[in-house]
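Trainee:
Protein chains in written order, with our numbering: chain F, 394 to 642; chain S, 568 to 837.
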């Protein structure tokens, strides 16, 4: 099976603070990986290194078989950041303009949005049930609506790898269910590889088929069935937590 | 003045003022929108201070000041970006350093020369109605180059302005785009000196942009409104200055400010 992400002996420090230590794992095509760990365990930092935003102190990261420092095919990756509201609140961008930004990673100079692209953006907005918000300013929307806009931006390229950082934080229960059903469909029907970051590992078993548990280093990485059968993991997580994750699956 | 509007616009110097003012105004307003949204609105002010030093140097060495100022201000703009990154200081601090050094250099040269203080003053406040034909052609040519660059790199500039980190994940080299934005700003600052003067340049960048941000319903519409505000301000400002015998640069700025106030009040009523 093709490796979509491969991380070898990765180390990362913020100044003197050690954030990631000797992290090694690989994610195969079609995996749905739940990336768990406590706050400050290095989850977001790991993802930012995979996305080329941060550079590691040592170790190698390969994305679609290519070293991340030389990787150019960013349209293959969709990313939903943790803090979607980090954009400038006075920025006058419409929902359509924000989602169309998702398409530019596959464009070459001079990057322009065509009529066909407009149709693709419209379809993404329909899929996320936000077509009615198309001409609204992003800053005028609620947190949940903004989340769906940024998800549409992440999905508009039909990425082969989708990385979502704490995606359900601002969603109501109904939207949350639809959101995870959509992810399941993408994973099962289109074979999209998904990395879902959450500090709430109770939800991982509900959706993912693999668990990567991080506490600076990899505590556990493997199939959920292996996690559930592991006495070592029961020792680390406790019976209740292990049962909660495995029961959801 | 007892002349008709048609007689007024038939004068060559008035036509040159309108053409240069509109080109430079549109340029400042579009770049200003990117700068305001990136919280870099004072870079125009900082680079105008550098241009003061560069113009003083040009006068000192007997070189046409605008030609001398273009490369100097471009180098200063690149220095601001590099200083921010290498010395790990905030952008406004880097702007403050470069701008005060430029201003100090200009004052020292003016003091040492004793001979060109009057010429230097004309650059401080500008005089759009005294723009020569060659300056008009230079304004048009450089404006077209800058506008074409903005058109061709619109999505890169939009993405980096919206969210630099996300732009990087889309494969855009944010560092290069930032550098390009300040270099384009540097060229525009020098172009604006004759139109509005060193002291008032930053208003050309800031006021149309903030007016557009009050009433626009999208990024493209913000660019359009910002440019339209600049055009309206230049035309009205020149006419007011001519008929009321007021300084043109200051008149344009005041019209710009009135348009901002109107847009602000209109938004509050919505």
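Ideal placement from N, C-alpha and C gives every residue a C-beta, glycine not left out. Every value quoted in this text rests on a predicted model; they were computed, and no experiment measured them.
Could you give the residue range of the alpha helix (DSSP H) that holds residue 416 of chain F?
Mentor: In the first chain, counting from the first residue as 1, residue 416 of chain F sits at position 23. Where residue 416 of chain F is concerned, there is no enclosing alpha helix (DSSP H), although the beta strand (DSSP E) it sits in stretches over 410 to 421.
Trainee: Classify residue 459 of chain F as helix, strand or coil using the three-state DSSP reduction.
Mentor: Here the question's residue 459 of chain F lines up with position 66 in the first chain. Strand at residue 459 of chain F.
Trainee: Please check if any C-beta of chain S sits within less than 8 Å of the C-beta of residue 484 of chain F.
Mentor: Residue 484 of chain F sits at position 91 when you count from the first residue of the first chain. For residue 484 of chain F, the answer is yes, since a Cβ of chain S falls inside 8 Å of its Cβ.
Trainee: With 9 Å as the C-beta to C-beta threshold (strictly closer), list the residues of the region 691 to 723 of chain S near chain F in chain order.
Mentor: So the close ones are 718, 719, 720, 721, 722 and 723.
Trainee: Short of 6 Å in beta carbon distance, which residues of its chain neighbour residue 468 of chain F, apart from the five on each side in sequence? Order them along the chain.
Mentor: To locate residue 468 of chain F, count along the first chain from 1; it is residue 75. Closer than 6 Å at the Cβ level, and outside the excluded window around residue 468 of chain F, lie 498, 499 and 550.
Trainee: How would you list, in chain order, the residues of chain S whose beta-carbon sits under 9 Å from the beta-carbon of residue 465 of chain F?
Mentor: Taking the first residue of the first chain as 1, we reach residue 465 of chain F at position 72. By Cβ distance, chain S contributes 738.
Trainee: Contact between the region 487 to 496 of chain F and the region 767 to 787 of chain S: three or more CB pairs below 8 Å?
Mentor: With a cut-off of 8 Å, the region 767 to 787 of chain S and the region 487 to 496 of chain F count as touching, because enough Cβ pairs lie within range.
Trainee: In this structure, what does DSSP give as the bridge partners for residue 520 of chain F?
Mentor: Against the first chain, residue 520 of chain F aligns to sequence position 127. None, per the DSSP bridge assignment.
Trainee: Among F:611, F:556 and F:496, whose alpha-carbon lies nearest the alpha-carbon of residue 415 of chain F?
Mentor: Position 22 of the first chain, counting from 1, holds the residue named residue 415 of chain F. Among F:611, F:556 and F:496, the Cα nearest to that of residue 415 of chain F belongs to F:611.
Trainee: Taking 8 Å as the cut-off, does the region 581 to 596 of chain S touch the region 793 to 812 of chain S (at least 3 CB pairs, one atom from each stretch)?
Mentor: Yes: the two stretches touch, three or more of their Cβ pairs being nearer than 8 Å.
Trainee: Mind the definition here: the region 625 to 641 of chain S touches the region 650 to 668 of chain S only if three or more C-beta pairs lie below 8 Å; say whether that holds.
Mentor: Taking 8 Å as the limit for Cβ pairs, the verdict is that the region 650 to 668 of chain S does not touch the region 625 to 641 of chain S.
Trainee: Show which residues of chain S have a CB atom less than 7 Å away from the CB atom of residue 498 of chain F.
Mentor: As a working mapping, residue 498 of chain F is identified with position 105 in the first chain. Those within 7 Å of residue 498 of chain F in chain S are 737 and 738.
Trainee: Using a beta-carbon distance below 8 Å, is residue 784 of chain S in contact with chain F?
Mentor: Numbered from its first residue, the second chain carries residue 784 of chain S at position 217. Taking Cβ atoms only, chain F reaches closer than 8 Å to residue 784 of chain S, which makes this a yes.
Trainee: To which residues does DSSP link residue 558 of chain F through a beta bridge?
Mentor: In the first chain, the residue the question calls residue 558 of chain F occupies position 165. Note: residue 558 of chain F sits in a beta bridge opposite F:590.
Trainee: Taking 7 Å as the limit between beta carbons, can you name the residues of its chain near residue 582 of chain S, skipping five residues before and five after?
Mentor: As a first step, residue 582 of chain S must be located in the second chain, where it is residue number 15. Hits under 7 Å: 576.
Trainee: Quick check on residue 553 of chain F: does DSSP put it in helix, strand or coil?
Mentor: Position 160 of the first chain, counted from the first residue, corresponds to residue 553 of chain F. Three-state result, residue 553 of chain F: coil.
Trainee: Applying the 10 Å Cβ sphere with the 16-neighbour rule, what's the burial state of residue 800 of chain S?
Mentor: Mapped onto the second chain, residue 800 of chain S falls at position 233. So residue 800 of chain S ends up on the buried side.
Trainee: Pair every Cβ in the region 427 to 438 of chain F with every Cβ in the region 584 to 600 of chain F, then say whether three or more of these pairs are closer than 8 Å.
Mentor: Touching, yes.
Trainee: List the whole-angstrom C-beta distance separating residue 670 of chain S from residue 620 of chain S, where the pair is believed to meet the contact cut-off of C-beta under 8 Å.
Mentor: One-based indexing of the second chain puts residue 670 of chain S at position 103. One-based indexing of the second chain puts residue 620 of chain S at position 53. Contact flag correct, Cβ pair sits at about 6 Å.
Trainee: Would you give the residue range spanned by the beta strand (DSSP E) that residue 426 of chain F belongs to?
Mentor: Position 33 of the first chain, counted from the start, is the residue given in the question as residue 426 of chain F. Residue 426 of chain F -> beta strand (DSSP E) spans 425 to 429.
Trainee: Shorter than 8 Å from the beta carbon of residue 577 of chain F to some beta carbon of chain S?
Mentor: Here residue 577 of chain F refers to the residue found at position 184 of the first chain. No, residue 577 of chain F does not count as interfacial toward chain S.
Trainee: Going by the beta-carbon positions, is the gap between residue 403 of chain F and residue 433 of chain F smaller than 8 Å?
Mentor: Along the first chain, one-based indexing puts residue 403 of chain F at 10. Along the first chain, one-based indexing puts residue 433 of chain F at 40. No, the pair does not count as a contact, with Cβ atoms beyond the cut-off.
Trainee: Whose Cβ in chain S lies nearer than 8 Å to the Cβ of residue 480 of chain F?
Mentor: Taking the first residue of the first chain as position 1, residue 480 of chain F is located at position 87. Here the neighbours are 729 and 730.
Trainee: Output the distance between the C-alpha atoms of residue 561 of chain F and residue 535 of chain F, rounded to the nearest integer angstrom.
Mentor: By one-based count along the first chain, residue 561 of chain F stands at place 168. By one-based count along the first chain, residue 535 of chain F stands at place 142. Their Cα atoms are separated by approximately 14 Å.
Trainee: Mind pulling the alpha helix (DSSP H) runs of 4 or more residues that sit fully within the region 597 to 633 of chain F?
Mentor: With a minimum length of 4 residues, the continuous alpha helix (DSSP H) runs that stay inside the region 597 to 633 of chain F are 597 to 600, 617 to 622 and 624 to 630.
Trainee: Decide yes or no for the touch test of the region 766 to 774 of chain S against the region 815 to 833 of chain S: beta carbon pairs closer than 8 Å, at least 3 of them.
Mentor: Segments in contact, yes.
Trainee: Spatial neighbours of residue 532 of chain F within its chain, please: CB distance less than 6 Å, with the 5 preceding and 5 following residues excluded, ordered by chain position.
Mentor: For this step, residue 532 of chain F is matched to residue 139 along the first chain. These residues qualify, in order along the chain: 482.
Trainee: Do you know whose CA, among S:719, S:804, S:664 and S:632, lies nearest residue 584 of chain S's CA?
Mentor: Counted from its first residue, the second chain places residue 584 of chain S at position 17. The candidate whose alpha carbon is nearest that of residue 584 of chain S is S:804.
Trainee: Residue 451 of chain F bridges to which residues according to DSSP?
Mentor: Here residue 451 of chain F refers to the residue found at position 58 when the first chain is read from its first residue. DSSP lists F:404 as partners of residue 451 of chain F.
Trainee: Does the structure place the region 657 to 674 of chain S close enough to the region 625 to 632 of chain F that three or more beta carbon pairs sit under 8 Å?
Mentor: Not touching, per the Cβ criterion.
Trainee: State yes or no: is the C-beta of residue 405 of chain F within less than 8 Å of the C-beta of residue 412 of chain F?
Mentor: Along the first chain, read from residue 1 onward, the residue named residue 405 of chain F stands at position 12. Along the first chain, read from residue 1 onward, the residue named residue 412 of chain F stands at position 19. Yes, they are a contact pair.
Trainee: Please classify residue 459 of chain F as buried or exposed, where buried requires at least 16 other C-beta atoms within 10 Å of its C-beta.
Mentor: Your numbering for residue 459 of chain F matches position 66 in the first chain. Exposed: under 16 other Cβ atoms inside 10 Å.
Trainee: Using beta-carbon positions only, say whether residue 591 of chain S and residue 776 of chain S come within less than 8 Å of one another.
Mentor: Here residue 591 of chain S refers to the residue found at position 24 when the second chain is read from its first residue. Here residue 776 of chain S refers to the residue found at position 209 when the second chain is read from its first residue. Their beta carbons are not under 8 Å apart, which means residue 591 of chain S does not touch residue 776 of chain S by this criterion.
Trainee: Considering residue 471 of chain F, what are the terminal residues of the beta strand (DSSP E) in which it resides?
Mentor: Counting from one through the first chain, the residue named residue 471 of chain F turns up at place 78. Unbroken beta strand (DSSP E) run through residue 471 of chain F: 470 to 473.
Trainee: Does the beta-carbon distance from residue 644 of chain S to residue 755 of chain S come in below 8 Å?
Mentor: Position 77 of the second chain, counted from the start, is the residue given in the question as residue 644 of chain S. Position 188 of the second chain, counted from the start, is the residue given in the question as residue 755 of chain S. Not a contact, by the Cβ cut-off of 8 Å.
Trainee: Sort out for me which residues DSSP pairs residue 396 of chain F with in a bridge.
Mentor: Taking the first residue of the first chain as position 1, residue 396 of chain F is located at position 3. According to DSSP, which records beta bridges pairwise, residue 396 of chain F is partnered with F:421.
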